[in-house]
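Undergrad:
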Ligand SMILES: [Mn+2]
């Protein structure tokens, strides 16, 4: 496909995405009191470390980024029903930094763009776009900015409107699906390089760097800090270090690699976990890795729209119980192991979460646009997605099994102790844990598309070199 036709398709997808956002916002405004004629959305501000002049890495707020794909602080979007949206691009005179904002036609043509040299210039500009009697709501973190614009407190971040928008964000447009697909495709090169470095005996630092290098991404650009965990570290759910070894590489020292690493495409995230075992490792652990992969496959194949995601979470625990029995780690009946919280000790996190502009995307527990919440089951408080599966949702499926000292000790110390084969559990502790995670798109026809295993290529896939 030529660059020209690719950009035309991108522009069409984005135009239709933006039309959908305008409909959603127009409907959402009927929920706010005292009515609204306009909404100003703020991307967010830079924040500094305490008593320091170094800023924390910036990330634009999802509800801004969904409109304007510019991941920069202090940018503004003005929405007025029925009118072309206005993008206030704040580009300060700043010779310390590169202040240029790239505005490719495929999205820029959807906006009236007003370039300002400072946030305070917005005070003069806003009245030119909205009449004095106009009721303007403000969304975003910049409460002080809203106050400087004389927007009353009751019109700053009204909960009813935010709930409405969070709820709607779960339904991805075709444009958003293509971005999520691209974030998956670009992450895969990194995962392959990480596996190669693991087998070569690289340490966590080298594996991490191999991932970044192959997927051409910087640490600060990642959707979340990658988890690169060797051996026992893979049982630490949010392991945050990148351990460095001294001396030569030691292939035999690498028994297991759990790598949870994603990518971003114009703000949209992927979230992918793989677990690799060195050949010749403990056969039961190798069987567990295969087993978790099989469980993940079975769940994905059984997904259908209109089903409860929570039911799949419960089904995962039953499957984990079966696997623990099959591998000789646990004794008894599967349902009993689930009911007594024994599978919870091996799998304390949820089956997955919504995915979008945030890696744990908003709205995963909302049952209606009015803000009602579906709480997770009492015994699984960490489950982040309790919403029924519907067309155009994108979520992760990430079962796991971990040997976590503190949780297993709880079992060892009470009347559940005889349900587990402790010598085998002890033998498996040095292998840490397993998680396998893919990103799933529930298609409008009710079928599931695994964006991680079946990368979308061809006309729907944005290549960064072309799209930019
Ligand atoms: Mn995840």
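Residue numbers (the UniProt record's numbering): 1 to 468.
Ideal Cβ positions, reconstructed from N, Cα and C, are used throughout, including at glycine.
Given the structure is predicted, the values throughout are model-derived calculations rather than measurements.
1. In whole angstroms, what separates the C-alpha of residue 67 from that of residue 22?
2. Restricting to runs no shorter than 4 residues, where is the alpha helix (DSSP H) found entirely within the stretch 193-226?
3. Nearer than 7 Å: is that true of the beta carbon of residue 353 relative to any heavy atom of ligand 1?
4. Can you grab the Cα-Cα spacing for the pair residue 356 / residue 181, in whole Å?
5. Quick one: residues in its chain with C-beta nearer than 6 Å to the C-beta of residue 195, no 5 flanking neighbours on either side, listed in chain order?
6. Taking the beta strand (DSSP E) that residue 438 belongs to, which residues open and close that run?
7. Identify, in the order they occur along the chain, each residue of the same chain with its Cβ nearer than 8 Å to the Cβ of residue 25, setting aside the five sequence neighbours on each side.
8. Starting from residue 289 and walking both ways along the beta strand (DSSP E), at which residues does that stretch end?
9. Could you compute how far the alpha carbon of residue 222 sits from the alpha carbon of residue 264?
10. Does the distance between the C-beta of residue 316 and the nearest non-hydrogen atom of ligand 1 fall short of 7 Å?
11. Per DSSP, what kind of secondary structure is residue 96 in: helix, strand or coil?
12. Taking buried to mean at least 16 other C-beta atoms within 10 Å of its own C-beta, is residue 163 buried or exposed?
13. Can the beta-carbon of residue 383 be found closer than 8 Å to that of residue 345?
14. Is it buried or exposed for residue 373, if we count other Cβ within 10 angstroms and need 16 for buried?
15. Leaving out the 5 sequence neighbours to the left and right, which residues in its chain are closer than 6 Å to residue 191 when beta-carbon positions are compared?
16. Residue 270: which of 283, 334, 352 sits nearest, CA to CA?
17. With a threshold of 8 Å on Cβ separation, who are the neighbours of residue 193 within its own chain once the five nearest residues in sequence on each side are excluded?
18. Given a threshold of 16 other Cβ atoms within 10 Å of its Cβ, counted over all protein chains shown, does residue 154 qualify as buried or as exposed?
19. Just to confirm, does residue 153 get its C-beta within under 7 Å of one of the non-hydrogen atoms of ligand 1?
20. When you measure from the CB of residue 271 to every non-hydrogen atom of ligand 1, does any distance come out below 7 Å?
21. Let me make sure I understand the geometry here. Which of 308, 93, 334, 330 has the alpha-carbon closest to that of residue 418?
22. Could you tell me whether the stretch 436-455 touches the stretch 245-257, using the rule of 3 or more Cβ pairs below 8 Å?
23. With a Cβ-Cβ cutoff of 8 Å, do residue 116 and residue 135 count as a contact?
24. Is it true that the stretch 40-48 meets the stretch 131-149, where meeting means three or more beta-carbon pairs spaced less than 8 Å apart?
25. Between which two residues does the alpha helix (DSSP H) holding residue 425 run?
26. Classify residue 315 as helix, strand or coil using the three-state DSSP reduction.
27. Going straight from the alpha carbon of residue 218 to that of residue 335, what length do you get?
28. Residue 136 lies in the beta strand (DSSP E); which residues open and close that run?
29. For residue 469, verify whether its CB is less than 7 Å away from any heavy atom of ligand 1.
30. Which partner residues does residue 388 have in the DSSP bridge list?
31. Taking the DSSP output, what are the residues bridged to residue 174?
32. May I ask you to report which of helix, strand or coil DSSP gives residue 330?
33. Pick helix, strand or coil for residue 449, following the three-state DSSP scheme.
34. Leaving out the 5 sequence neighbours to the left and right, which residues in its chain are closer than 7 Å to residue 32 when beta-carbon positions are compared?
35. Could you say if the stretch 310-329 and the stretch 222-235 meet the contact criterion of at least three C-beta pairs nearer than 8 Å?
36. Terminal residues of the continuous alpha helix (DSSP H) containing residue 344?
TA: From the atom records:
1. Here residue 67 is taken as the residue at index 67 of the chain shown, counted from 1. Here residue 22 is taken as the residue at index 22 of the chain shown, counted from 1. Their Cα atoms are separated by approximately 9 Å.
2. 204-214
3. Here residue 353 corresponds to residue number 353 of the chain shown, with the count starting at 1. Because some heavy atom of ligand 1 lies under 7 Å away, the Cβ of residue 353 counts as near it: yes.
4. Here residue 356 corresponds to residue number 356 of the chain shown, with the count starting at 1. Here residue 181 corresponds to residue number 181 of the chain shown, with the count starting at 1. Rounded to whole angstroms, residue 356 to residue 181 spans 11 Å at the Cα level.
5. Position 195 of the chain shown, counted from the first residue, corresponds to residue 195. 276, listed in sequence order.
6. Within the chain shown, numbered from 1, the residue matching residue 438 stands at position 438. Looking at the DSSP string, the run of the beta strand (DSSP E) that includes residue 438 is 438-442.
7. As a working mapping, residue 25 is identified with position 25 in the chain shown. Result list for residue 25: 39, 79, 81, 165, in chain order.
8. Translated into positions along the chain shown, residue 289 becomes position 289. Premise fails: residue 289 lies in the alpha helix (DSSP H), 283-302, not in any beta strand (DSSP E).
9. Residue 222 sits at position 222 when you count from the first residue of the chain shown. Residue 264 sits at position 264 when you count from the first residue of the chain shown. Near 7 Å, if we compare the C-alpha coordinates of residue 264 and residue 222.
10. Here residue 316 is taken as the residue at index 316 of the chain shown, counted from 1. No - ligand 1 has no heavy atom lying nearer than 7 Å to the Cβ of residue 316.
11. In the chain shown, counting from the first residue as 1, residue 96 sits at position 96. Three-state DSSP puts residue 96 in coil, outside helix and strand.
12. Within the chain shown, numbered from 1, the residue matching residue 163 stands at position 163. When all chains shown are included, residue 163 counts as buried.
13. Position 383 of the chain shown holds residue 383. Position 345 of the chain shown holds residue 345. No; because the gap between Cβ atoms is not below 8 Å, this pair is not in contact.
14. By one-based count along the chain shown, residue 373 stands at place 373. Exposed.
15. Numbered from 1 along the chain shown, position 191 holds the residue referred to as residue 191. These residues qualify, in order along the chain: 274.
16. Here residue 270 refers to the residue found at position 270 of the chain shown. Of 283, 334, 352, the residue nearest in Cα terms is 352.
17. Along the chain shown, read from residue 1 onward, the residue named residue 193 stands at position 193. Correct list, in chain order: 210, 211, 213, 214, 215.
18. By 1-based counting over the chain shown, the position of residue 154 is 154. Label assigned to residue 154: exposed.
19. Residue mapping note: residue 153 aligns to position 153 of the chain shown, counting from 1. Incorrect: residue 153 has no Cβ contact closer than 7 Å to ligand 1.
20. In the chain shown, residue 271 corresponds to position 271, counting from 1. Yes; taking the cut-off as 7 Å, the Cβ of residue 271 has a heavy atom of ligand 1 nearer than that.
21. Mapped onto the chain shown, residue 418 falls at position 418. It is 330 whose Cα lies nearest to the Cα of residue 418.
22. no
23. Position 116 of the chain shown, counted from the first residue, corresponds to residue 116. Position 135 of the chain shown, counted from the first residue, corresponds to residue 135. Result no, Cβ atoms of residue 116 and residue 135 do not sit closer than 8 Å.
24. yes
25. Start at 1 with the first residue of the chain shown, and residue 425 comes out as number 425. It spans 422-428 - the alpha helix (DSSP H) in which residue 425 sits, taken as one unbroken run.
26. On the chain shown, position 315 is the one that residue 315 refers to. Residue state, collapsed to three classes: helix.
27. Here residue 218 is taken as the residue at index 218 of the chain shown, counted from 1. Here residue 335 is taken as the residue at index 335 of the chain shown, counted from 1. C-alpha separation (whole angstroms): 45 Å.
28. In the chain shown, the residue the question calls residue 136 occupies position 136. Start and end: 136-139.
29. A question about residue 469 goes unanswered here, because the residues of the chain that appear run from 1 up to 468.
30. Taking the chain shown and counting its residues from 1, the one referred to as residue 388 is at position 388. Partner(s): 308.
31. As a working note, residue 174 is residue 174 in the chain shown. None; residue 174 has no bridge partner.
32. As a working mapping, residue 330 is identified with position 330 in the chain shown. Of the three classes helix, strand and coil, the one that applies to residue 330 here is strand, per DSSP.
33. Residue numbering aside, residue 449 sits at position 449 when the chain shown is read from its first letter. Strand.
34. Here residue 32 refers to the residue found at position 32 when the chain shown is read from its first residue. Once the five neighbours on either side are set aside, the close Cβ partners of residue 32 are 137, 158, 160, 161.
35. no
36. As a first step, residue 344 is located in the chain shown; it is residue number 344 there, counting from the start. Residue 344 -> alpha helix (DSSP H) spans 342-346.
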